[in-house]
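Protein chains in written order, with my numbering: chain A, 1 to 343; chain B, 1 to 163. Read through the structure below, which is laid out as structure tokens, and then see the notes.
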Ligand code: SF4
Ligand code: SF4
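What follows is the structure in structure tokens.
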């Protein structure tokens with residue numbers, strides 16, 4: 001790695017080389033991310049198929065492995081329809097606004113010790129900010145389409161994301177209290193020493209609430225009222241077609257991977273191995289994220305969609321009180337002689 | 001009161017949701033029942049109502065006597081028949097069209113035919129590539145009948161007792 005960097009340094013001046021180096025790192029993160037998004041759709045179709053006693057896509061390539069590529073090509077060649085009454089600029093800005101934060105947040109995700117694009121101190125705050133921006137993509141998409149269904153969808157999603165953001169923020173406060181740091185790398189290292197040191201155990205209710213809120217934040221079933229096919233057709237992206245639609249799709253799946261990654265880093269020890277004498281590695285992180293993504297799909301295959309008022313009730317009247325109570329409980333416990341259990 | 005607390009606790013512990021996930025989780029490993037269509041097919045009844053055919057007698061004479069019963073009974077008005085007297089003084093159709101885009105495959109035409117001329121075969125995977133391809137003319141229907149006569153006769157023989 002370093003040898004490559006010095007040779008790149010030698011070829012061009014240091015400033016150009018540095019920019020080039022950063023670009024290279026970004027590509028190294030975004031490209032695998034795009035591919036995993038594509039194959040996550042395949043994985044989802046297969047898993048849901050299996051749970052419904054079907055076998056899922058199996059025609060394009062071996063076991064249907066080329067299906068995501070076929071889908072991507074199909075979407076690329078489709079026409080993008082621009083509704084006459086829409087606001088042209090915002091209509092095209094919305095998908096960009098949805099996907100840019102979903103990718104930008106990956107800048108601070110550590111994949112292994114010191115394997116991170118930007119190692120900033122407040123990386124958790126940065127991620128919270130980025131994921132909150134993503135909701136503007138949805139709102140603007142709904143508004144710019146100038147369609148009632150799209151508008152209803154974006155209103156729903158805005159209300160939902162805002163209310164679950166609070167519960168999610170509070171669960172992160174619990175993690176911060178345990179780790180004493182906002183840096184994701186430090187949070188992971190705080191859980192070193194075997195799976196019994198992971199923050200899931202002292203923060204179990206917070207972990208559950210974080211994960212459920214994450215499902216709601218990413219607009220996934222059973223919280224997918226923003227698209228609600230049976231009520232409002234496809235919600236905010238009803239007027240989008242072709243690649244513009246695909247970008248929303250990409251953003252949704254990239255967000256899914258992102259929140260699973262965060263859950264793995266904050267609660268499940270990131271790249272740390274569960275048993276001390278097995279070496280830590282990036283593979284552990286992959287396994288944990290894959291399992292969490294499987295859960296996402298498992299939920300979708302199992303639960304019917306929530307009614308809208310139930311979603312609001314769950315967010316405001318159940319999640320927020322429980323998280324606050326648990327934070328107060330941890331805070332209290334930390335002052336007692338059992339405090340070491342929470343670090 | 002106790003019942004309420006119990007219910008509260010069980011919904012707090014997500015008991016019902018976990019039960020649901022257990023069920024789908026079990027089905028994840030169940031044997032898959034998908035029939036992979038072009039390679040595998042589901043069993044078909046000998047009374048299957050698919051593509052239409054016009055039959056002939058063994059001597060090659062077409063069965064249809066242009067009685068127009070099928071045209072009259074067809075609920076979708078998919079059949080159009082025109083008839084004429086042939087040189088040998090028998091009544092024959094000059095035109096026999098079935099618009100398969102209108103047909104609802106009810107089988108009434110087959111049932112009404114006094115001479116078992118119009119029948120529905122087991123063929124279900126046919127298609128047209130341009131507008132009008134699915135309006136089958138007399139020649140096309142006779143051709144279908146000639147091609148599948150063996151199967152058609154077998155299916156009718158199997159069903160003889162019930163007719
Ligand atoms: S099957 Fe029914 S609808 Fe079709 S042509 Fe015969 S009578 Fe008409
Ligand atoms: S097909 Fe049968 S019912 Fe129809 S006109 Fe000919 S003989 Fe009559």
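For each residue, glycine too, the CB sits at the ideal point set by N, CA and C. Predicted, not measured: the structure shown is a model, and the values here were computed from it.
Query	Result
Would you kindly work out how many angstroms separate the C-alpha atoms of residue 94 (chain A) and residue 141 (chain A), rounded to a whole number?	5 Å
Quick check: is any heavy atom of ligand 2 less than 6 Å from the C-beta of residue 247 (chain A)?	no
What are the partner residues of residue 54 (chain B), as DSSP defines its beta bridges?	B:118
Which chain B residues are close to residue 50 (chain A), counting only those with a beta carbon under 9 Å from its beta carbon?	27, 28, 29, 30, 32
Look at the alpha carbon of residue 68 (chain B) and the alpha carbon of residue 84 (chain B), and state the distance between them as a whole number of angstroms.	12 Å
What residues from chain A crowd round residue 21 (chain B), counting only those whose CB sits closer than 8 Å?	298, 299, 302
Taking only beta-carbon positions, decide if residue 24 (chain B) is within less than 7 Å of chain A.	yes
Could one say the Cβ of residue 161 (chain A) lies closer than 7 Å to chain B's Cβ atoms, at least one of them?	no
Which residues of chain B have a Cβ atom closer than 7 Å to the Cβ of residue 55 (chain A), listed in chain order?	32, 34
Taking the runs of the alpha helix (DSSP H) that are 4 residues or longer, which of them lie wholly in the region 256-303 of chain A?	282-302
Pull up the distance between the alpha-carbon of residue 101 (chain A) and that of residue 252 (chain A), whole angstroms please.	11 Å
Give me the pocket residues for ligand 2, defined as CB within less than 7 Å of any heavy atom, sorted by chain position.	B:54, B:63, B:64, B:65, B:66, B:67, B:68, B:69, B:70, B:71, B:81, B:93, B:109, B:112, B:113, B:114, B:115, B:117, B:118
May I ask you to report which of helix, strand or coil DSSP gives residue 45 (chain A)?	helix
Alpha carbon to alpha carbon, how far is residue 130 (chain A) from residue 104 (chain A)? Give it in angstroms, no decimals.	7 Å
Cβ atoms of residue 134 (chain B) and residue 100 (chain B): under 7 Å apart, would you say?	yes
Just to check, is the beta-carbon of residue 105 (chain B) closer than 6 Å to a non-hydrogen atom of ligand 1?	yes
Which class does residue 336 (chain A) belong to by DSSP, given the choice of helix, strand or coil?	coil
Can you tell which of A:88, A:127, A:146 has the C-alpha that lies nearest to the C-alpha of residue 182 (chain A)?	A:127
What distance in whole Å lies between the Cβ atoms of residue 8 (chain B) and residue 363 (chain A), which are believed to be in contact at a cut-off of 8 Å?	Missing from the structure shown is residue 363 (chain A); chain A here goes from 1 to 343 and no further.
Less than 6 Å between C-beta atoms, sequence neighbours within five positions excluded: which residues of the same chain meet that for residue 104 (chain B)?	76
Is residue 123 (chain B) close to ligand 1? I mean its beta-carbon at under 6 Å from any heavy atom of the ligand.	no
Assuming residue 94 (chain B) is part of the beta strand (DSSP E), what are its boundary residues?	91-99
Locate the beta strand (DSSP E) running through residue 83 (chain B), then write down its first and last residues.	79-85
Using DSSP with H/G/I as helix, E/B as strand and the rest coil, what is residue 203 (chain A)?	coil
If contact is defined by three or more beta carbon pairs under 8 Å, each pair taking one atom from either stretch, is the region 284-292 of chain A in contact with the region 216-230 of chain A?	no
Measuring straight from C-alpha to C-alpha, what distance separates residue 95 (chain B) and residue 56 (chain A)?	47 Å
Are there any heavy atoms of ligand 1 lying less than 6 Å away from the beta-carbon of residue 74 (chain B), as far as the coordinates show?	yes
Are the CB atoms of residue 85 (chain A) and residue 319 (chain A) nearer to each other than 7 Å?	no
Assign residue 232 (chain A) to one of three DSSP states: helix, strand, or coil.	helix
Which of the three DSSP states, helix, strand or coil, is assigned to residue 65 (chain A)?	coil
Thinking C-alpha only, which one of A:40, A:143, A:60 is nearest residue 91 (chain A)?	A:143
When every heavy atom of ligand 1 is checked, does at least one fall within less than 6 Å of the C-beta of residue 85 (chain A)?	no
Check whether the Cβ of residue 78 (chain B) sits closer than 6 Å to any heavy atom of ligand 4, and report yes or no.	With respect to ligand 4, the structure offers nothing, as its ligand set consists of ligand 1 and ligand 2.
May I have the straight-line CA-CA distance separating residue 112 (chain A) from residue 281 (chain A), to the nearest angstrom?	7 Å
Three Cβ pairs or more, each shorter than 8 Å: is that satisfied between the region 197-207 of chain A and the region 235-252 of chain A?	no
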